[in-house]
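**Student:** For the protein sequence lines, the chains are H and U, in the order given.
Here my numbering = 1-based position in the first sequence + 417.
Here my numbering = 1-based position in the second sequence + 5.
From the three backbone atoms N, C-alpha and C, an ideal C-beta is built for every residue, glycine too.
Sharing a structure here in structure tokens format.
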Amino acid sequence: SPPSPVALPPFFMRGSIIQLADGELKRVEDLKTEDFIQSAEISSELKIDSSTVERIDSGQSPNAVVIQFSVGELKAQVCVEVLVEYPFFVFGQGWSSCCPDRTTQLFELSCAKLCVGDVCVSLTLRSLR
Amino acid sequence: VPVFPWHSLVPFLAPTQSD
Chain H
418 SPPSPVALPP FFMRGSIIQL ADGELKRVED LKTEDFIQSA EISSELKIDS STVERIDSGQ
478 SPNAVVIQFS VGELKAQVCV EVLVEYPFFV FGQGWSSCCP DRTTQLFELS CAKLCVGDVC
538 VSLTLRSLR
Chain U
6 VPVFPWHSLV PFLAPTQSD
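Following this line, the structure appears as structure tokens:
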């Protein structure tokens, strides 16, 4: 059975201060694709992967969804169950969630609609390669 | 004001051994 939905962390709230790997501080709403790529390049442990949304299904509770991703070059299939408002960062697009209206309502974070085919920023350990 | 590390915003999607 899938894991419980991930609870919503505080750092997606508009105005949250995020520290990049080089020490630079940015607000969560100002982050760009390059910020994630450059931070991962500096990191000795973490590697950015491209994770393509393959399916979006209803979750076990009404406000949850199960998202199936195809992760990295090996296209490993990984499912996560999250609340509909949980934002993912889509390459070249920015924050996106299954229910952007709700994300904006709860976090004041402007969001696009997450769709099948979107390529999200995700992390893996370098040693897993 | 709390400061959060960049990697906390990104899901960790690791292939599992059972795959």
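Would you say H/T521 reaches chain U, if we count a Cβ-Cβ gap shorter than 9 Å as a contact?
**Tutor:** For H/T521, the answer is no, since every Cβ of chain U falls outside 9 Å of its Cβ.
**Student:** Return the residue from the list H/A457, H/S478 and H/E446 that minimises the CA-CA distance to H/F505.
**Tutor:** H/F505 has its Cα closest to that of H/E446, out of H/A457, H/S478 and H/E446.
**Student:** Look at the alpha carbon of H/T521 and the alpha carbon of H/I434, and state the distance between them as a whole number of angstroms.
**Tutor:** Near 18 Å, if we compare the C-alpha coordinates of H/I434 and H/T521.
**Student:** I'd like the span of the alpha helix (DSSP H) that includes H/D452, first residue to last.
**Tutor:** Its alpha helix (DSSP H) spans residues T450 to I459.
**Student:** With a threshold of 8 Å on Cβ separation, who are the neighbours of H/I459 within its own chain once the five nearest residues in sequence on each side are excluded?
**Tutor:** Result list for H/I459: A438 and D439, in chain order.
**Student:** Taking contact to mean at least 3 C-beta pairs separated by less than 8 Å, is the segment 470–483 of chain H in contact with the segment 6–19 of chain U?
**Tutor:** Short answer: they don't touch.
**Student:** Quick one: measure Cβ to Cβ for H/L540 and H/D466, integer angstroms, because I've assumed they're closer than 8 Å.
**Tutor:** Confirmed, Cβ separation roughly 7 Å.
**Student:** Within 10 angstroms of the Cβ of H/C532, are there 16 or more other Cβ atoms? Answer buried if so, exposed if not.
**Tutor:** Exposed is the call here.
**Student:** Let me know if H/V538 comes out buried or exposed under the rule of 16 or more other beta-carbons within 10 Å of its beta-carbon.
**Tutor:** By the 10 Å Cβ count, H/V538 comes out buried.
**Student:** Assign H/E498 to buried or exposed, taking buried as 16 or more other Cβ atoms, counted over all protein chains shown, within 10 Å of its Cβ.
**Tutor:** Buried, because 16 or more other Cβ atoms sit within 10 Å of the Cβ of H/E498.
**Student:** Quick one: which chain U residues come within Cβ less than 7 Å of H/F428?
**Tutor:** Per Cβ cutoff of 7 Å: F9, S13 and L14.
**Student:** Taking its Cβ as the centre, do 16 or more other Cβ atoms sit within 10 Å of H/G489, making it buried, or is it exposed?
**Tutor:** That one is buried.
**Student:** For U/P7, count neighbouring C-beta atoms within 10 Å of its own C-beta (all shown protein chains included) and say buried if the count is 16 or more, exposed if not.
**Tutor:** U/P7 should be labelled exposed.
**Student:** By the criterion of Cβ-Cβ separation under 8 Å, what are the contact partners of H/I434 in chain U?
**Tutor:** Within 8 Å Cβ-Cβ: V6, P7, V8 and F9.
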